[in-house]
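Chemist: Below: one structure in structure tokens.
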Amino acid sequence: MKILIVIGTRPNFIKVTRFKELASLYSNIDLKIVHTGQHYDNNMADVFFEQFGLVPDFFLNVGQGSPNFQVADIMIKLEKLITTDFQPSLMLVVGDVNSTLAASLTANKLGIKLGHVESGLRSFDLTMPEEHNRIITDKLTNIYFVTEPSGREHLLQEGVNESDIKYVGNTMIDTLVKFSKEIENSPILSKLNITGQAYVLTTLHRPATVDNTEGLLKLVALFESIGNNYKIIFPIHPRTVNNLKKAGLYEKLVSNKNLVITEPLDYFAFQKLIKYSKFILTDSGGIQEESTFLKIPCLTLRNNTERPVTCTEGTNTLVKFELEEIQQYIRQIESGTYKKGEIPKYWDGRATERIFETLLNQK
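Taken in order, the sequence shown gives residues 8 to 370; the numbers are from the working numbering.
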């Protein structure tokens with residue numbers, strides 16, 4: 008069996024770290040990984056690949072451009088790769104990014120069987136580009152690998168045959184388990200001169216949060232409030248910096264003495280920051296899952312989530328971007344009355360193994 012895995016962004020990299028290791032155990036599996044280059048910060052990508060020992064076999068060098076340009080460029084280059092270098096019997100795509108959509112369309116046009124890792128997730132928010140990518144990808148998929156019960160339920164509602172849905176768990180958690188020692192050994196706490204439980208970790212990057220002046224004003228006020236009791240660690244997105252400067256708010260933000268702004272961090276450092284934080288403020292998808300596994304309170308500043316198990320079973324709560332409501336949950340965290348959470352089924356570090364078991368049983 009010849010398998011081609013298509014990845015393009017840092018969240019994708021995190022979800023495929025065990026595939027080559029497991030493929031090497033089977034003489035009848037020839038597995039290759041192609042990196043589209045969608046996340047065009049090569050230095051950051053190289054750090055992730057070095058930490059994971061993950062070397063893509065092919066690189067499409069797509070890089071910057073509009074979503075339409077990226078999808079079209081990936082399709083053209085991926086088709087050329089498949090027709091000249093490596094003809095897979097199965098293509099695996101991951102998550103919900105532009106590379107996922109482009110590879111799914113390419114597989115469909117070339118008649119290649121498609122497996123979707125992290126299938127069936129739905130936010131039901133069509134203002135999110137990722138939601139369109141998820142829906143279209145699943146319409147083209149043949150084998151659906153789901154991470155949580157909602158994925159299975161959504162796919163059944165959309166008419167997918169139950170026999171094609173494989174509840175395998177979360178490959179992102181596989182990476183957390185695999186590299187637990189490396190994460191623990193990261194020197195990031197001493198590097199930032201912080202101690203466990205004395206800081207809040209924040210990641211905010213979605214347009215609804217940081218692409219408008221109203222949201223940025225709320226952000227500055229929120230940090231001023233939290234900074235009275237905690238240090239705030241904020242790996243900041245370049246777009247957020249630019250937006251703050253355009254709104255004339257950047258200097259006010261950085262004047263907060265308890266705010267520590269960092270460059271984007273490597274995987275081991277970031278996971279250690281999650282593990283020892285008092286709580287997390289985010290609008291990210293993956294961090295909702297990582298914090299649930301590590302049992303760290305997570306306040307997600309969104310109206311919806313495509314990962315509802317993190318709320319129903321885990322430590323995540325959807326919170327309106329309003330200071331009073333956020334403070335209410337912070338008081339729960341401080342008093343010990345905030346929910347403790349449970350780790351969802353199959354989030355045990357063996358999801359990739361279950362995917363291989365499924366593939367080996369395919370006719």
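For each residue, glycine too, the CB sits at the ideal point set by N, CA and C.
List, from N- to C-terminal side, the beta strand (DSSP E) runs of 3 residues or more that fit wholly inside the stretch 207-258.
Modeler: 238-242
Chemist: May I ask you to verify whether the stretch 316-324 touches the stretch 287-307, counting CB pairs closer than 8 angstroms and requiring at least 3?
Modeler: Short answer: they touch.
Chemist: Would you call the CB atoms of TYR206 and ILE240 closer than 8 angstroms?
Modeler: Taking the first residue of the sequence shown as position 1, residue 206 is located at position 199. Taking the first residue of the sequence shown as position 1, residue 240 is located at position 233. It is a contact, given that the beta carbons lie within the stated cut-off.
Chemist: Just grab the DSSP bridge partners of CYS305 for me.
Modeler: Within the sequence shown, numbered from 1, the residue matching residue 305 stands at position 298. Answer is ILE287, ASN323, bridged to CYS305.
Chemist: With distances taken from CA atoms, which of LEU266, TYR336, PRO304 is nearest ILE350?
Modeler: Translated into positions along the sequence shown, residue 350 becomes position 343. Minimum Cα distance to ILE350 is reached at PRO304.
Chemist: Which of the three DSSP states is assigned to ILE337 in this structure?
Modeler: Within the sequence shown, residue 337 is the residue found at index 330, counting from 1. Here ILE337 sits in helix by DSSP.
Chemist: Considering only their Cβ atoms, is the gap separating ILE12 from LEU32 smaller than 8 angstroms?
Modeler: Sequence index remark: in the sequence shown, residue 32 carries index 25 (1-based). Sequence index remark: in the sequence shown, residue 12 carries index 5 (1-based). At the C-beta level, LEU32 and ILE12 stay beyond 8 angstroms of one another.
Chemist: Between TYR151 and GLU258, what straight-line distance do the alpha-carbon atoms span, to the nearest angstrom?
Modeler: For the purposes of this step, residue 151 is identified with residue 144 of the sequence shown, where counting begins at 1. For the purposes of this step, residue 258 is identified with residue 251 of the sequence shown, where counting begins at 1. So the alpha carbons of these two residues sit roughly 47 angstroms apart.
Chemist: Helix, strand or coil, according to DSSP, for HIS46 in the structure here?
Modeler: Position 39 of the sequence shown, counted from the first residue, corresponds to residue 46. Three-state DSSP puts HIS46 in coil, outside helix and strand.
Chemist: Below 8 angstroms CB to CB, which residues in the same chain sit around PHE56 once its five sequence neighbours on both sides are set aside?
Modeler: For the purposes of this step, residue 56 is taken as the residue at position 49 of the sequence shown. Contacts found: PHE20, VAL62, PRO63.
Chemist: Quick one: give me the first and last residue of the beta strand (DSSP E) that PHE152 is part of.
Modeler: If you number the sequence shown from 1, residue 152 lands on position 145. PHE152 -> beta strand (DSSP E) spans 150-153.
Chemist: For SER96, which residues from the same chain have a beta carbon less than 7 angstroms from its beta carbon, with the 5 sequence-adjacent residues on both sides left out?
Modeler: Here the question's residue 96 lines up with position 89 in the sequence shown. The beta carbon of SER96 sits closer than 7 angstroms to those of MET8, LYS9, LYS120, all from its chain and outside the five residues before and after it, given in chain order.
Chemist: For the alpha helix (DSSP H) holding TYR33, just list the boundary residues, first then last.
Modeler: Position 26 of the sequence shown holds residue 33. DSSP places TYR33 in no alpha helix (DSSP H); its state is neither H nor E.
Chemist: Spatial neighbours of GLU231 within its chain, please: CB distance less than 8 angstroms, with the 5 preceding and 5 following residues excluded, ordered by chain position.
Modeler: Locating residue 231 in the sequence shown gives position 224, counting from the first residue. Excluding sequence neighbours, GLU231 sits near ASN263.
Chemist: Suppose you measure from the CA of VAL316 to the CA of ILE201; what does that come to, to the nearest Å?
Modeler: Locating residue 316 in the sequence shown gives position 309, counting from the first residue. Locating residue 201 in the sequence shown gives position 194, counting from the first residue. About 31 angstroms.
Chemist: Take HIS212 as the anchor and find which of VAL248, LEU229, ILE180 has the nearest alpha-carbon.
Modeler: The residue labelled residue 212 in the question sits at position 205 within the sequence shown. Here the closest residue by C-alpha is VAL248.
Chemist: Based on Cα-Cα distance, which residue from ASN149, PHE286, ILE195, VAL124 lies nearest to SER170?
Modeler: The residue given as residue 170 occupies position 163 in the sequence shown. Comparing Cα-Cα distances from SER170 to each of ASN149, PHE286, ILE195, VAL124, the minimum goes to ASN149.
Chemist: Secondary structure at GLY127, three-state DSSP: helix, strand or coil?
Modeler: Position 120 of the sequence shown, counting from 1, holds the residue named residue 127. Three-state result, GLY127: coil.
Chemist: Any idea if GLY118 is buried or exposed, counting beta-carbon neighbours within 10 angstroms, 16 or more meaning buried?
Modeler: Taking the first residue of the sequence shown as 1, we reach residue 118 at position 111. By the neighbour-count rule (16 or more Cβ atoms within 10 Å), GLY118 is not buried but exposed.
Chemist: When DSSP labels each residue in this structure, what does ILE281 get in the three-state scheme?
Modeler: As a working note, residue 281 is residue 274 in the sequence shown. ILE281: helix per DSSP, three-state reduction.
Chemist: With DSSP as the reference, label LEU11 as helix, strand or coil.
Modeler: For this step, residue 11 is matched to residue 4 along the sequence shown. In this structure, LEU11 counts as strand in the three-state DSSP scheme.
Chemist: So what does MET98 bridge to, in DSSP terms?
Modeler: On the sequence shown, residue 98 is found 91 positions in, with the first residue counted as 1. DSSP, once it has assigned bridges, lists LEU11, LEU121 as partnering MET98.
Chemist: So what does DSSP say about THR269, is it helix, strand or coil?
Modeler: If you number the sequence shown from 1, residue 269 lands on position 262. The answer is strand: DSSP assigns THR269 an E or B state.
Chemist: Alpha carbons only, please: which of ILE142, THR182, ILE180 is nearest the one belonging to GLY166?
Modeler: Counting from one through the sequence shown, the residue named residue 166 turns up at place 159. Among ILE142, THR182, ILE180, the Cα nearest to that of GLY166 is on ILE142.
Chemist: So, are the CB atoms of LEU88 and LEU112 less than 8 angstroms apart?
Modeler: The residue given as residue 88 occupies position 81 in the sequence shown. The residue given as residue 112 occupies position 105 in the sequence shown. For LEU88 and LEU112, no; Cβs fall outside 8 angstroms.
Chemist: Quick check on LYS327: buried or exposed, where buried means 16 or more other Cβ atoms within 10 Å of its Cβ?
Modeler: Taking the first residue of the sequence shown as 1, we reach residue 327 at position 320. Label assigned to LYS327: exposed.
Chemist: So the candidates are ASN68, ALA109, ILE40, SER130; which of them puts its Cα closest to the Cα of PHE93?
Modeler: If you number the sequence shown from 1, residue 93 lands on position 86. Closest option to PHE93, Cα to Cα, is ILE40.
Chemist: Excluding the five sequence neighbours on either side, which residues of its own chain have a C-beta within less than 6 angstroms of the C-beta of GLY203, listed in chain order?
Modeler: Residue mapping note: residue 203 aligns to position 196 of the sequence shown, counting from 1. For GLY203, where only same-chain residues beyond five positions count, the Cβ hits under 6 angstroms are TYR283.
Chemist: Exposed or buried, ASN177, counting other C-beta atoms within 10 Å across all chains shown (16 or more means buried)?
Modeler: Your numbering for residue 177 matches position 170 in the sequence shown. Looking at its Cβ environment, which holds 16 or more other Cβ atoms inside 10 Å, ASN177 is buried.
Chemist: CA-CA distance, LEU229 and VAL267?
Modeler: Your numbering for residue 229 matches position 222 in the sequence shown. Your numbering for residue 267 matches position 260 in the sequence shown. Distance between the alpha carbons of LEU229 and VAL267: 14 angstroms.
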